[in-house]
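Visitor: Chains D and R supply the protein sequences, listed in that same order. Residues in the first sequence are numbered consecutively from 3, following the numbering used here. Residues in the second sequence are numbered consecutively from 308, following the numbering used here. Glycine included, each C-beta is placed from N, C-alpha and C at the ideal position.
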Amino acid sequence: MSVTPSSSDTKSKASVVEVTLESTLKNVEVAEEISRRVSATAGFGPEAAFQMEMAVHEAVINAIYHGNNQDPGKSVLLRFLIFEDRVEIHVRDQGKGFDPDRLPDPVAEKNLLNASGRGIFLVRKFMDEFKVETSVSSGTEVIMVKHLDSEIQSN
Amino acid sequence: MSMKATVRQVDSVTVVDVSGRITLGEDCKQLREVIREKLAKNHKNLLLNLADVTYIDSSGIGELVSAYTAVSNQGGQLKLLNLTRRVHDLLQITKLYTVFDIHDDEAKAISSFATAS
Chain D
3 MSVTPSSSDT KSKASVVEVT LESTLKNVEV AEEISRRVSA TAGFGPEAAF QMEMAVHEAV
63 INAIYHGNNQ DPGKSVLLRF LIFEDRVEIH VRDQGKGFDP DRLPDPVAEK NLLNASGRGI
123 FLVRKFMDEF KVETSVSSGT EVIMVKHLDS EIQSN
Chain R
308 MSMKATVRQV DSVTVVDVSG RITLGEDCKQ LREVIREKLA KNHKNLLLNL ADVTYIDSSG
368 IGELVSAYTA VSNQGGQLKL LNLTRRVHDL LQITKLYTVF DIHDDEAKAI SSFATAS
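1. What residues of chain R sit near D:A117, judged by a beta carbon separation below 7 Å?
2. How many angstroms separate the CA atom of D:K28 from the CA atom of R:A421?
3. Which residues, in chain order, does the stretch 117-134 of chain D contribute to contact with chain R at a C-beta distance below 7 Å?
4. Would you say R:K402 lies against chain D (beta-carbon separation less than 9 Å)?
5. Just curious, the alpha helix (DSSP H) that D:F52 is in, first and last residue?
6. Should D:V147 and D:E90 be called a contact, given that it needs their Cβ atoms to be closer than 9 Å?
7. If distances are taken between C-alpha atoms only, which option among R:S373, R:G332 and R:K345 comes closest to D:L114?
8. Rounded to a whole number of angstroms, what is the C-alpha to C-alpha distance between D:V18 and D:S118?
9. Using the Cβ count rule (16 or more neighbours within 10 Å means buried), how would you classify R:S418?
10. By the 10 Å Cβ neighbour count, where 16 or more other Cβ atoms means buried, how is D:S156 classified, buried or exposed?
11. If I measure Cβ to Cβ from D:L79 and keep anything under 6 Å in the same chain, skipping five residues before and after, which residues do I get?
12. Considering only the alpha carbon of each residue, which of R:N349, R:V406 and R:S365 lies closest to R:G382?
13. Using a Cβ-Cβ cutoff of 8 Å, what residues of the stretch 308-338 of chain R are near chain D? List them in chain order.
14. So the beta strand (DSSP E) R:H410 belongs to, where does it begin and stop?
15. Which of helix, strand or coil does DSSP assign to D:S156?
16. At a Cβ threshold of 9 Å, is R:L390 touching chain D?
17. Compile a chain-ordered list of the residues in the stretch 96-118 of chain D whose CB is closer than 8 Å to at least one CB of chain R.
18. To the nearest angstrom, report how far apart D:P48 and R:T361 are at their CA atoms.
19. Got a sec: is the Cβ-Cβ distance from D:M146 to anything in chain R below 9 Å?
20. Check whether chain R comes within 9 Å of D:I63, counting only Cβ atoms and requiring the distance to be less than that.
21. For chain R, check one thing: does any of its Cβ atoms lie closer than 9 Å to the Cβ of D:V30?
22. Looking at chain D, is there any beta carbon in it that lies within less than 9 Å of the beta carbon of R:G397?
23. List the residues of chain R whose Cβ lies closer than 8 Å to the Cβ of D:L80, in chain order.
24. Grab me the residues of R:A423's own chain with a C-beta within less than 6 Å of its C-beta, minus the 5 sequence neighbours each way, in chain order.
25. Just the C-alpha distance for R:L354 and R:D364, rounded to the nearest angstrom, thanks.
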């Protein structure tokens with residue numbers, strides 16, 4: 003595992019934290035820890051920090067389990083871009099991707115008692131922007147954004 | 308901190324005091340085992356005390372739902388006690404708040420089983 007904080011991305015004025023994770027469950031907690039540090043750097047309060055951490059937790063689990071099929075030989079690239087007004091998070095796996103709009107709605111009456119299927123739903127609830135990009139060469143990337151002011155408004 | 312589940316019997320109700328994280332992996336598995344074991348011994352009135360749960364993820368929520376379904380299918384009842392604000396919020400977001408019978412007073416929760424059966 004390597005953590006590379008830098009502020010070399012001067013063009014967009016973002017500070018970058020990037021880490022490559024083996025597809026193991028233990029690394030989910032590593033990702034959470036980094037998320038907490040990034041939240042502190044970005045200036046998020048406890049509630050926004052918790053929401054972002056949970057979104058990272060769920061997105062990384064999704065990448066490890068559904069994207070990389072728990073193959074430890076496959077990795078997850080986790081990248082935080084810290085801007086003045088927001089944090090943008092990229093979670094890239096080596097899987098075939100998914101269409102978030104075609105996932106069953108976990109809060110629909112008929113799905114309420116399903117044992118699974120709430121992960122991406124929670125990510126979308128807790129982040130301000132969310133999208134999925136898939137390409138044959140580079141795998142699947144979940145991109146999510148949390149704005150700094152979203153917390154000020156909710157408090 | 309990983310999950311810990313301690314079981315105690317209060318009258319006809321099995322109270323499971325859960326603490327720590329209920330997340331994907333061993334934590335969820337452990338909770339499932341506790342519920343399964345109690346059901347196998349015909350203990351069908353289960354009260355999960357979640358007061359000391361520090362973190363629950365989508366898999367943990369799924370585990371609570373599975374436990375609820377398993378107990379209901381056996382003709383029993385599974386109720387929740389002492390939700391932290393975050394667990395409470397997550398159950399509201401996932402619209403499960405109305406599915407579960409949720410209590411914040413243990414004695415009242417215990418007696419609610421007696422009146423129902």
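Guide: On the basis of the data shown:
1. Taking the first residue of the first sequence as position 1, residue 117 of chain D is located at position 115. Among the residues of chain R, those whose CB is under 7 Å from the CB of D:A117 are G369, V372 and S373, following chain order.
2. On the first sequence, residue 28 of chain D is found 26 positions in, with the first residue counted as 1. On the second sequence, residue 421 of chain R is found 114 positions in, with the first residue counted as 1. Each residue's alpha carbon lies about 43 Å from the other.
3. A117, S118, R120, G121, L124 and K127
4. Within the second sequence, residue 402 of chain R is the residue found at index 95, counting from 1. Closer than 9 Å to some Cβ of chain D, the Cβ of R:K402 qualifies, so yes.
5. Here residue 52 of chain D corresponds to residue number 50 of the first sequence, with the count starting at 1. Counting along the chain, the alpha helix (DSSP H) containing D:F52 begins and ends at P48 to N64.
6. Taking the first sequence and counting its residues from 1, one reaches residue 147 of chain D at position 145. Taking the first sequence and counting its residues from 1, one reaches residue 90 of chain D at position 88. Result yes, Cβ atoms of D:V147 and D:E90 sit closer than 9 Å.
7. Numbered from its first residue, the first sequence carries residue 114 of chain D at position 112. Comparing alpha-carbon positions, the option among R:S373, R:G332 and R:K345 lying closest to D:L114 turns out to be R:S373.
8. Along the first sequence, read from residue 1 onward, the residue named residue 18 of chain D stands at position 16. Along the first sequence, read from residue 1 onward, the residue named residue 118 of chain D stands at position 116. D:V18 and D:S118: Cα-Cα distance of roughly 33 Å.
9. Taking the first residue of the second sequence as position 1, residue 418 of chain R is located at position 111. The residue is exposed, with fewer than 16 neighbouring Cβ atoms inside 10 Å.
10. Translated into the one-based positions of the first sequence, residue 156 of chain D becomes position 154. With a pLDDT of 47 at D:S156, under the threshold of 50, the modelled position of this residue cannot be trusted; read the value that follows with caution. Exposed, since its Cβ has fewer than 16 Cβ neighbours within 10 Å.
11. Sequence index remark: in the first sequence, residue 79 of chain D carries index 77 (1-based). Once the five neighbours on either side are set aside, the close Cβ partners of D:L79 are T22 and R94.
12. Walking along the second sequence from the start, residue 382 of chain R turns up at place 75. The option with the nearest alpha carbon to R:G382 is R:N349.
13. T330, L331 and G332
14. If you number the second sequence from 1, residue 410 of chain R lands on position 103. Where R:H410 is concerned, the enclosing beta strand (DSSP E) stretches over D408 to H410.
15. Taking the first sequence and counting its residues from 1, the one referred to as residue 156 of chain D is at position 154. For D:S156, the predicted structure reports a pLDDT of 47, less than 50, and the residue's modelled location is therefore unreliable. The matter cannot be settled from this model.
16. Working through the second sequence from its first residue, we reach residue 390 of chain R at position 83. Residue contact check for R:L390 against chain D: no CB pair falls below 9 Å.
17. P108, V109, L114, L115, N116, A117 and S118
18. The residue labelled residue 48 of chain D in the question sits at position 46 within the first sequence. The residue labelled residue 361 of chain R in the question sits at position 54 within the second sequence. Answer to the nearest angstrom: the Cα atoms are 14 Å apart.
19. Here residue 146 of chain D refers to the residue found at position 144 of the first sequence. Not one chain R Cβ lies under 9 Å of D:M146.
20. On the first sequence, residue 63 of chain D is found 61 positions in, with the first residue counted as 1. At least one chain R Cβ lies under 9 Å of D:I63.
21. By one-based count along the first sequence, residue 30 of chain D stands at place 28. Chain R, which has a Cβ nearer than 9 Å to the Cβ of D:V30, makes this yes.
22. On the second sequence, position 90 is the one that residue 397 of chain R refers to. The question names Gly, but residue 397 of chain R in the sequence shown is Leu. Output row for R:L397: interface = yes.
23. What you label residue 80 of chain D is simply residue 78 of the first sequence in a count that begins at 1. Within 8 Å Cβ-Cβ: nothing; D:L80 doesn't reach chain R, min ~17 Å.
24. Position 116 of the second sequence, counted from the first residue, corresponds to residue 423 of chain R. Residue placement at R:A423 cannot be trusted, given a pLDDT of 49 that sits under 50; the coordinates are not used to answer.
25. For the purposes of this step, residue 354 of chain R is identified with residue 47 of the second sequence, where counting begins at 1. For the purposes of this step, residue 364 of chain R is identified with residue 57 of the second sequence, where counting begins at 1. Roughly 20 Å separates the two Cα atoms.
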